[in-house]
Amino acid sequence: MTGITNQDAAARARAVIPGGVNSPVRAFGSVGGTPLSIVSASGPTVTDVTGREYVDLVASWGPALLGHAQPEVVAAVQEAASRGLSFGASTPGETDLAELVIDRLDGGIEKLRLVSTGTEATMTAIRIARGATGRDVVIKFAGHYHGHSDGLLAESGSGVATLGLPGSAGVPADIAGLTLVLPYNDRDAVRAAFEAHPGRIAAIIAEAAGANAGVLVPEPGFNRFLVETAHAHGALFILDEVLTGFRVGPAGWWGLERAAGETWVADLVTFGKVIGGGMPLAGIGGRADLLDLLAPLGPVYQAGTLSGNPLAVAAGLATLRLADAEVYARVDAAASTVSNALDAALTDAGVAHTISRAGSLFSVAFRDGEVRDYADAKDQDAWRYPPFFHAMLDAGVSLPPSVFEAWFLTAAHDDAALDRVLTALPAAARAAAAA
Ligand code: PMP
Numbered sequence: 427m428t429g430i431t432n433q434d435a436a437a438r439a440r441a442v443i444p445g446g447v448n449s450p451v452r453a454f455g456s457v458g459g460t461p462l463s464i465v466s467a468s469g470p471t472v473t474d475v476t477g478r479e480y481v482d483l484v485a486s487w488g489p490a491l492l493g494h495a496q497p498e499v500v501a502a503v504q505e506a507a508s509r510g511l512s513f514g515a516s517t518p519g520e521t522d523l524a525e526l527v528i529d530r531l532d533g534g535i536e537k538l539r540l541v542s543t544g545t546e547a548t549m550t551a552i553r554i555a556r557g558a559t560g561r562d563v564v565i566k567f568a569g570h571y572h573g574h575s576d577g578l579l580a581e582s583g584s585g586v587a588t589l590g591l592p593g594s595a596g597v598p599a600d601i602a603g604l605t606l607v608l609p610y611n612d613r614d615a616v617r618a619a620f621e622a623h624p625g626r627i628a629a630i631i632a633e634a635a636g637a638n639a640g641v642l643v644p645e646p647g648f649n650r651f652l653v654e655t656a657h658a659h660g661a662l663f664i665l666d667e668v669l670t671g672f673r674v675g676p677a678g679w680w681g682l683e684r685a686a687g688e689t690w691v692a693d694l695v696t697f698g699k700v701i702g703g704g705m706p707l708a709g710i711g712g713r714a715d716l717l718d719l720l721a722p723l724g725p726v727y728q729a730g731t732l733s734g735n736p737l738a739v740a741a742g743l744a745t746l747r748l749a750d751a752e753v754y755a756r757v758d759a760a761a762s763t764v765s766n767a768l769d770a771a772l773t774d775a776g777v778a779h780t781i782s783r784a785g786s787l788f789s790v791a792f793r794d795g796e797v798r799d800y801a802d803a804k805d806q807d808a809w810r811y812p813p814f815f816h817a818m819l820d821a822g823v824s825l826p827p828s829v830f831e832a833w834f835l836t837a838a839h840d841d842a843a844l845d846r847v848l849t850a851l852p853a854a855a856r857a858a859a860a861a
């Protein structure tokens, strides 16, 4: 052991990194206490700087579908690294990955451009939509998070929700004014927005299933309604699968809706997280005529020094090749085991709660009744979460450090890991009750 504590590590970091973190939710701002400083991870666990191991239900906020440091994924990255870290030129692997993703979505997208982050993917999708339609206004939903580009932070989920912010300083009012923020699952609000802004709306962007203000499940037919309404008004529909893509199923949330009989297709689809298997990789997919608006073919400019980085592509390819039906069945089963036990523990402790579930993603809200939209998500006894979170952490389980985040299971959560979670839940539920 090094003798270093998480407190030492955090203090050192705070002196040189804003808030001690390179992404805000890591700072434990809403749960209090000292963030973990992680030195390694393997399968279902992460290990902090003190050498303590935790069962991890953050999974790098989604990417670690197979569990951490999956040996075949690590080997693929090592092999790629031995051939060079970045070429700034095309590689056969990029085409392999594009073919694999297009094949997996089977009619959902025709072409794919790779970038490095989900933020870039949604930002570029919106630029394509504006370029294609010649219109400026974009509809997004309150509590949905699409990354941190200027136009998409208004009433955003994720860390913006955790910190209770309306948006971000530094975003020019003229840019924020081009984003209409509507309540999720509210068809009348969508119809009214198109009526109020005839000929001005370029696109609706929506998370395939909301997972950044806790889980917000789209009501049956809501995504279809969004596609149809956008098209009826000459606008495009951008499906944000950065979080859900390749996580809730082999073809993301869209694939689950297809399996349930839906036939709609989005104009543009954004990917991130699992597509890079833990490395920085994301993508914009969609109709060929729309993707071909991108430079060098078309007038919509987008570029990236590290776009399609060979190590990231190797990790993504290895991950997606391993992510077969059995992997998804394991993740689904693990999610059911944990969410059922969470439900039971909170019920036994007499804590009002609602668990929302979208595929293998779920979250808890400390309230009775359904959580349909961001207003519902905010209307809960959120103060019950910090003691619950810390009781779990003390018992060796690392949960997302915000009640507004989904819990992430992986295919590596075996019985031993799940038992540790289940054993910890009753005392945490009692801590929530006592709060
Ligand atoms: N869209 C969604 C739905 C997300 O969940 C996220 C990240 N949590 C993003 C976009 C942004 O991705 P990134 O953090 O890679 O920029």
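Mapping of the sequence shown onto the numbering used here: position 43 corresponds to residue 469, and the numbering continues sequentially without gaps. Beta carbons: idealized from backbone N, C-alpha and C, even for Gly.
Exposed or buried, which one is residue i when buried takes at least 16 other CB atoms within 10 Å?
| i | result |
| --- | --- |
| Q504 | exposed |
| L511 | exposed |
| V668 | buried |
| F513 | exposed |
| A760 | buried |
| R856 | buried |
| G487 | Before going on, a small fix: residue 487 reads as Trp here, not Gly. Flag for W487 reads buried. |
| N869 | Because the chain spans 427 through 861 in this model, residue 869 falls outside it and cannot be assessed. |
| L723 | exposed |
| S516 | exposed |
| R846 | buried |
| I443 | exposed |
Does the distance from the C-beta atom of residue i to that of residue j stay below 8 Å?
| i | j | result |
| --- | --- | --- |
| V616 | L608 | yes |
| Y811 | V823 | no |
| I631 | H572 | yes |
| T745 | G678 | no |
| F788 | V641 | yes |
| T476 | A467 | no |
| V451 | T545 | no |
| S542 | L707 | yes |
| A832 | A637 | yes |
| I554 | L720 | yes |
| F672 | Y610 | no |
| A628 | D562 | yes |
| N649 | E683 | yes |
| S594 | L606 | no |
| V777 | A850 | no |
Take residue i as the anchor and find which of the options has the nearest alpha-carbon.
| i | options | result |
| --- | --- | --- |
| L665 | W679, V695, L737, T689 | V695 |
| L737 | G519, L819, L717, G557 | G519 |
| V753 | A490, F620, A467 | A490 |
| A821 | D794, A853, A791 | A853 |
| F651 | W690, Q728, A495 | W690 |
| D482 | V764, L743, I443, T543 | V764 |
| A740 | A622, I701, R713, I710 | I701 |
| A437 | G533, S456, S463 | S463 |
| L662 | F648, G671, E645, R713 | R713 |
| E688 | R783, E645, I528 | E645 |
| D758 | D522, P592, L844, T471 | L844 |
| V457 | A817, V643, G533, G698 | A817 |
| E479 | K699, A602, A838, L819 | L819 |
| I565 | A547, G596, A622 | A622 |
| A639 | L591, G625, V653 | L591 |
Measure the beta-carbon distance from residue i to residue j and round it to whole angstroms, keeping in mind my assumption that it falls under 8 Å.
| i | j | result |
| --- | --- | --- |
| D612 | D799 | 7 Å |
| S733 | L540 | 5 Å |
| L485 | F834 | The sequence shown places Ala at residue 485, rather than the Leu named in the question. Correct: roughly 4 Å between the Cβ atoms. |
| A808 | F792 | 7 Å |
| L748 | L538 | Actually they do not touch by this definition, with Cβ atoms about 20 Å apart. |
| V586 | G709 | Actually they do not touch by this definition, with Cβ atoms about 24 Å apart. |
| A775 | P813 | With 8 Å as the limit, A775 and P813 do not qualify as a contact, their Cβ atoms being about 12 Å apart. |
Hey, quick one: how far does the alpha helix (DSSP H) through residue i stretch, first residue to last?
| i | result |
| --- | --- |
| T521 | 518 to 531 |
| Y754 | 751 to 774 |
| R684 | 678 to 685 |
| G846 | Contrary to the premise, residue 846 reads as Arg rather than Gly in this sequence. Per DSSP, R846 belongs to the alpha helix (DSSP H) from 841 to 860. |
| Y811 | 811 to 820 |
| S508 | 497 to 508 |
| D576 | Unbroken run through D576: none, as it is neither H nor E. |
| G620 | First, the amino acid is wrong: residue 620 is Phe here, not Gly. Here the alpha helix (DSSP H) through F620 covers 613 to 622. |
| V586 | 585 to 588 |
| L862 | Lying before the first or after the last residue shown, residue 862 is absent from the chain, which here runs from 427 to 861. |
Can you name the start and end residues of the beta strand (DSSP E) that residue i belongs to?
| i | result |
| --- | --- |
| T473 | 471 to 474 |
| F697 | 694 to 697 |
| V541 | 537 to 541 |
| I781 | 780 to 784 |
| E667 | 662 to 667 |
| F834 | From DSSP, F834 is part of no beta strand (DSSP E); its letter is neither H nor E. |
| V564 | 563 to 567 |
| G711 | 708 to 712 |
| E479 | 479 to 482 |
| I430 | Here I430 belongs to no beta strand (DSSP E), and DSSP marks it neither H nor E. |
Check whether chain C comes within 8 Å of residue i, counting only Cβ atoms and requiring the distance to be less than that.
| i | result |
| --- | --- |
| A551 | No chain C is present in this structure, which holds just one protein chain. |
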